[in-house]
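Offset between the sequence shown (1-based) and the numbering used here: plus 3.
Beta carbons: idealized from backbone N, C-alpha and C, even for Gly.
This report refers to the structure that appears directly beneath it.
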Amino acid sequence: MSWDEKGGKIWMDGEFVDWKDANIHVLSHVVHYGSSVFEGLRCYENPNGSAIFRLNEHVERLFESAKIYKMPIPFSKTEVSDAIKDVVAINNLKSCYIRPIAYRGYKELGVSPLNCPVNVNIAAWKWGTYLGDEAMKNGVDIGVSSWRRLAPDTMPSLAKAGANYMNAQLAKLEAIENGFDEAIMLDYHGFVGEGSGENIFLVKDDVIHTPSLSSSILKGITRDSVIKIAEDLGYGVLEEKIPREMLYLSDEVFFSGSAAEVTPIRSIDKIEIGSGRRGSVTEKIQSEFFSIVDGKTEDKFNWLSYIEY
């Protein structure tokens, strides 16, 4: 993140607040217990204007995450969607990353959050490619983490909750310390799960494989987009349990995510994947993805919501 947005505005519970004044109380429940759910969206500038990618789906998932944690959001989905657009417009951002977050605020402390209010904030800022510009073409180097994804009877993986990302942080920190760009986490049974903040796809003999939702992964919106694009291009896509060794034997592997978009992986655990560069299937999916968000081809899936400034 760049902090050049200090002169910008952040939406806090229905009001715009100066970036530097967007504060919460130190005794807010979220600070002590991680009680937040959030989303990450991108807005792309293209010849038709500035468009938020899959806005409705992101807002829907925010409310679903809040439902799992019994966190009633005090705004409607329409109000949150409109506020997301307004944040982009008031900050005059043409292309940006957007972070809506709902969290338990300040009233009392204790594990039970029920007496604490639910606050909603939305910020937006300029943010380039998550794993670097070179990664989009040349790929990234990944390590399989010693930290596993959450078992289904511990914390809900389908909720995009702040607390879940303490698990992801451990994997990310380990990856950086070991000289990798990112981590792959296995699920509680030892099958392939996801990255610290990305879903993962494997390509073998022109068939695309991705872990099923039973592998403790987030139900990624970009993941869903990749599946739709791949099927539209004529590729078969299998959602299944994937053993770790399949990572090394695949012809291609790539990440997907709102931040990572579609990022190829060139090595895993210092083992070269395929030719050690972006593969042809990854390139086709990546190209189609960016053609849609960049307005070069028809938005046939109706994924883009344009901003009015």
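Endpoints, the alpha helix (DSSP H) within which residue i is located
| i | result |
| --- | --- |
| Met169 | Asn167 to Glu180 |
| Ile93 | Lys80 to Ile93 |
| Ile13 | Not the alpha helix (DSSP H): Ile13 falls in the beta strand (DSSP E), residues Lys12 to Met15. |
| Glu301 | Where Glu301 is concerned, there is no enclosing alpha helix (DSSP H), given that its DSSP letter is neither H nor E. |
| Ile55 | Note, Ile55: premise wrong, no alpha helix (DSSP H); beta strand (DSSP E) at Gly52 to Phe56. |
Residues that DSSP places opposite residue i in a beta bridge
| i | result |
| --- | --- |
| Glu197 | Met188 |
| Lys207 | Val210 |
| Ser239 | Contrary to the premise, residue 239 reads as Gly rather than Ser in this sequence. For Gly239, which the question treats as bridged, DSSP gives the partners Val210. |
| Ile76 | According to DSSP, Ile76 bridges with nothing at all. |
| Ala164 | Val40 |
| Ser246 | Just to set this straight, residue 246 is Pro in the shown sequence, not Ser. DSSP lists Phe194 as partners of Pro246. |
Pair within 8 Å by beta-carbon distance, residue i and residue j
| i | j | result |
| --- | --- | --- |
| Ile211 | Tyr238 | yes |
| Asn122 | Gly131 | no |
| Glu201 | Gly260 | yes |
| Met158 | Ala166 | yes |
| Ser215 | Glu243 | yes |
| Val143 | Glu180 | no |
| Phe292 | Val265 | yes |
| Leu189 | Val147 | yes |
| Tyr47 | Ser98 | yes |
| Tyr72 | Ala162 | yes |
| Leu236 | Phe56 | no |
| Ser39 | Ala105 | yes |
| Leu112 | His35 | yes |
| Ser253 | Lys207 | yes |
| Arg152 | Tyr191 | yes |
| Ile224 | Arg45 | no |
Beta-carbon separation (whole angstroms), residue i vs residue j, contact threshold 8 Å
| i | j | result |
| --- | --- | --- |
| Phe204 | Ile145 | Not a contact, Cβ separation roughly 13 Å. |
| Ile310 | Val91 | 5 Å |
| Asn141 | Arg280 | 6 Å |
| Ser84 | Asn49 | Not confirmed; about 20 Å, so no contact. |
| Ala54 | Leu96 | With a Cβ gap of about 12 Å, Ala54 and Leu96 do not count as contacting. |
Boundaries (first-last residue) of the beta strand (DSSP E) holding residue i
| i | result |
| --- | --- |
| Tyr106 | Cys99 to Arg107 |
| Thr2 | In the structure as shown, the chain starts at 4 and stops at 312, and residue 2 therefore has no counterpart that could be examined. |
| Asn49 | Leu44 to Asn49 |
| Thr266 | Glu264 to Ile271 |
| Tyr309 | Leu307 to Tyr309 |
| Ala138 | Unbroken run through Ala138 is the alpha helix (DSSP H), Ala138 to Asn141; no beta strand (DSSP E). |
| Glu111 | Segment: none, Glu111 is in no beta strand (DSSP E) and carries neither H nor E. |
Exposure label - residue i; buried when at least 16 CB within 10 Å
| i | result |
| --- | --- |
| Ile125 | buried |
| Trp6 | Here Trp6 scores only 48 on pLDDT, less than 50, and its place in the model is too uncertain to base an answer on. |
| Ser115 | exposed |
| Asn94 | buried |
| Ile274 | exposed |
| Met4 | Because Met4 sits at a pLDDT of 46, beneath the cut-off of 50, its placement in the model cannot be relied upon, and the following sentence gives the value as read from the coordinates. Burial call: exposed. |
| Leu221 | buried |
| Tyr318 | Any answer about residue 318 is impossible in this case: the structure gives the chain only from 4 up to 312. |
| Lys299 | exposed |
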